[in-house]
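A.B. asks:
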Amino acid sequence: MTTALCFDLDGTLVHRTESHETVTRATLDAHGFDATDALVKTAEETFRAAQRDLEPNPFERSMRAVLDETGEDGDPEAMVEALRERAYATTEVPDAARESLSALGEDDALGVVTNGTREWQVGKLEHHGLLDHFDAVVTSYEAGAHKPDSAPFDLLRERLSADEYVMVGDDYEADVEGARAAGFVSIHYEDGDDGNGPDLWATIDALL
Numbered sequence: 209m210t211t212a213l214c215f216d217l218d219g220t221l222v223h224r225t226e227s228h229e230t231v232t233r234a235t236l237d238a239h240g241f242d243a244t245d246a247l248v249k250t251a252e253e254t255f256r257a258a259q260r261d262l263e264p265n266p267f268e269r270s271m272r273a274v275l276d277e278t279g280e281d282g283d284p285e286a287m288v289e290a291l292r293e294r295a296y297a298t299t300e301v302p303d304a305a306r307e308s309l310s311a312l313g314e315d316d317a318l319g320v321v322t323n324g325t326r327e328w329q330v331g332k333l334e335h336h337g338l339l340d341h342f343d344a345v346v347t348s349y350e351a352g353a354h355k356p357d358s359a360p361f362d363l364l365r366e367r368l369s370a371d372e373y374v375m376v377g378d379d380y381e382a383d384v385e386g387a388r389a390a391g392f393v394s395i396h397y398e399d400g401d402d403g404n405g406p407d408l409w410a411t412i413d414a415l416l
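Now the structure itself:
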């Protein structure tokens, strides 16, 4: 029996060392803005609303909202690139995850099912040297809906043929309940896991 083992990206494979808000604030500081709490809130809320509604270029919309609010001149594309660089640089992949992915990929098909834009999320995998581990990567923007909607899971099935599908993720509603409703076996990456120990990955190895 063939198994497709699928992972959430943020908070499961890749872990932040700085919050999204901290990354946003540092980016605004670096571009000469007075990064007040109110301005950071504008950027963050604009991004979240745009991504929630699957609007194109949510990060650019966020930076344009900053420019609109401050009345300053600026290059939103350059601001987004600076945001991306810092966001990628302030994430890490647990050693145990890298080791297990290499081993798991020998016997099982591996996939990623993640909320976000394809460019941003695939870029994150490339930054960390993870992309080649995976046979398929599905983002919510491609699927037309965010997890826990079944659309991302259904699209993964179209791209990766298997007899059984397993989903590993840290968000209980999106990754566990959503996957289960879509017919996947689900494994919850508990919030208490620091990702550096062997427990989660050893459990996955044992289950498969």
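Position one of the sequence shown corresponds to residue 209 (our numbering), numbered consecutively onward. Don't be surprised by glycine CBs; every beta carbon is placed ideally from N, CA and C.
Tell me the DSSP bridge mates of Val345?
C.D. replies: For Val345, which the question treats as bridged, DSSP gives the partners Val320.
A.B. asks: Would the beta-carbon of Glu314 fall within 8 Å of that of Thr211?
C.D. replies: It is not a contact, given that the beta carbons lie outside the stated cut-off.
A.B. asks: Can you tell me which of the three DSSP states Met209 falls into?
C.D. replies: coil
A.B. asks: Where DSSP assigns a beta bridge to Phe215, which residues make up the other side?
C.D. replies: Val320 and Val376
A.B. asks: If you follow the alpha helix (DSSP H) that Ser394 is in, where does it begin and where does it stop?
C.D. replies: Premise fails: Ser394 lies in the beta strand (DSSP E), Val393 to His396, not in any alpha helix (DSSP H).
A.B. asks: How about Arg294 and Thr235: are their beta carbons less than 8 Å apart?
C.D. replies: yes
A.B. asks: Below 8 Å between beta carbons: does that hold for Gly377 and Asp216?
C.D. replies: A contact, by the Cβ cut-off of 8 Å.
A.B. asks: Count the other C-beta atoms from every protein chain shown that fall within 10 angstroms of the C-beta of Ala246, then say buried if there are 16 or more, exposed otherwise.
C.D. replies: exposed
A.B. asks: Going straight from the alpha carbon of Ala238 to that of Gly391, what length do you get?
C.D. replies: 46 Å
A.B. asks: Buried or exposed, going by whether 16 or more other CB atoms sit within 10 Å of the CB of Met287?
C.D. replies: buried
A.B. asks: Whole angstroms are fine: how far does the CA of Val231 sit from the CA of Thr225?
C.D. replies: 10 Å
A.B. asks: How is Phe241 classed by DSSP in three states: helix, strand or coil?
C.D. replies: Residue state for Phe241 is assigned as coil, using DSSP reduced to three classes.
A.B. asks: Decide yes or no for the touch test of the segment 330-346 against the segment 297-312: beta carbon pairs closer than 8 Å, at least 3 of them.
C.D. replies: With contact defined as three or more Cβ pairs closer than 8 Å, the segment 330-346 and the segment 297-312 are in contact.
A.B. asks: On the three-state DSSP scale, how would you describe Val222?
C.D. replies: strand
A.B. asks: Among Arg326, Asp276, Ala243 and Glu280, which one has its Cα closest to the Cα of Asn265?
C.D. replies: Taking only the C-alpha atoms, the option nearest Asn265 is Arg326.
A.B. asks: Please classify Gly403: is it buried, with 16 or more other beta-carbons within 10 angstroms of its beta-carbon, or exposed?
C.D. replies: Interpretation of Gly403 is limited by its pLDDT of 46, a score under 50 that renders its predicted location unreliable; the figure taken from the coordinates is listed afterwards. Answer is buried; the Cβ neighbour count reaches 16.
A.B. asks: If you compare alpha carbons, which of Asp276, Phe361 and Gly282 is closest to Leu213?
C.D. replies: Phe361
A.B. asks: Enumerate in chain order the residues of its own chain whose CB-to-CB distance from Trp328 is below 8 Å, with the five nearest sequence positions on each side excluded.
C.D. replies: Phe267 and Arg292
A.B. asks: Count the other C-beta atoms from every protein chain shown that fall within 10 angstroms of the C-beta of Ala297, then say buried if there are 16 or more, exposed otherwise.
C.D. replies: The residue is exposed, with fewer than 16 neighbouring Cβ atoms inside 10 Å.
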